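Student: Numbered by my numbering, the letters in the sequence shown go through residues 2 to 145 in order.
Note that CB positions come from ideal geometry on N, CA and C, so glycine has one too.
On a predicted model such as this, the values are computed, not experimentally measured, just so you know.
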Amino acid sequence: MQIKNLLTSTALLGSALAAPTARDACFPTDIQSGIQNLQGSLNTVILDLAQERYTSIRSDYSSTGRSLAYLEVEIIPDRCATDLPTSATTKDQAIAYLQATQAELMVLSQDAINGDCANGKTSICRTVNLYGAVAAFVQSVGVV
């Protein structure tokens, strides 16, 4: 419950906590706003990496990851069971994974618009896994 309050108070997921409609029962009602906010957060993490602001990335990467994990639980209560891709080992690979995460969020957005729960579940899992592949790199630079 505390994370819901935190996300709501920071407006990261806005009103995505409301009950879903019948058409998009697997998606939070305001998923589009949540996705837009996540895209902005991902841009911040990418900028942190590109500019090697490793002190900033600690909080930016962690808070974005928590929000993404919350969205995952909203769509798939049992969480994703797929494996992570090969972990990023360089700054460029990490940025590429984050950009792929952004692209997958766009796919998730379209799935929500179409009310396609099956593809939406696949999209959120891919999104989470791509984002997670950056964690090892973030750890390797000593910021997690």
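Please go through the same chain and pick out, in chain order, the residues whose beta-carbon is closer than 8 Å to the beta-carbon of GLU105, but skip the five residues on each side of it.
Tutor: Closer than 8 Å at Cβ, skipping near neighbours: SER124, ARG127, THR128, LEU131.
Student: With DSSP collapsed to three states, give me the class of ASP117.
Tutor: ASP117: coil per DSSP, three-state reduction.
Student: Quick check on this structure: which residue in PRO78, ASN38, VAL46, CYS27 has the alpha carbon closest to the alpha carbon of GLY133?
Tutor: For GLY133, the nearest C-alpha among the options comes from VAL46.
Student: How is GLN103 classed by DSSP in three states: helix, strand or coil?
Tutor: In the structure shown, GLN103 sits in a helix (DSSP, three-state: H, G or I).
Student: How many angstroms separate the CA atom of TYR55 from the CA atom of VAL142?
Tutor: Those two C-alpha atoms are separated by around 7 Å.
Student: Between VAL139 and ILE58, is the Cβ-Cβ spacing less than 8 Å?
Tutor: Yes, they are a contact pair.
Student: Any idea what DSSP makes of ARG127, helix, strand or coil?
Tutor: Looking at ARG127 - three-state DSSP - the assignment turns out to be helix.
Student: So what does DSSP say about GLU53, is it helix, strand or coil?
Tutor: GLU53: coil per DSSP, three-state reduction.
Student: Excluding the 5 residues flanking TYR98 on each side, which residues of the same chain have their C-beta closer than 6 Å to its C-beta?
Tutor: So the list reads ALA89, LEU131, ALA134, VAL135, once near-sequence residues are dropped.
Student: With DSSP as the reference, label SER110 as helix, strand or coil.
Tutor: If DSSP states are grouped into helix, strand and coil, SER110 belongs with the helices.
Student: If you run the structure through DSSP and keep just helix, strand and coil, what is ASP25?
Tutor: Confidence in ASP25 is poor, its pLDDT being 48 and thus under 50, which makes the residue's placement too unreliable to answer from.
Student: Less than 8 Å between the C-beta atoms of LEU39 and LEU69, yes or no?
Tutor: Yes, the pair counts as a contact, with Cβ atoms nearer than the cut-off.
Student: Tell me, to the nearest whole angstrom, how far the beta carbon of THR102 is from that of LEU43; I am working on the premise that it is less than 8 Å.
Tutor: Contact flag correct, Cβ pair sits at about 6 Å.
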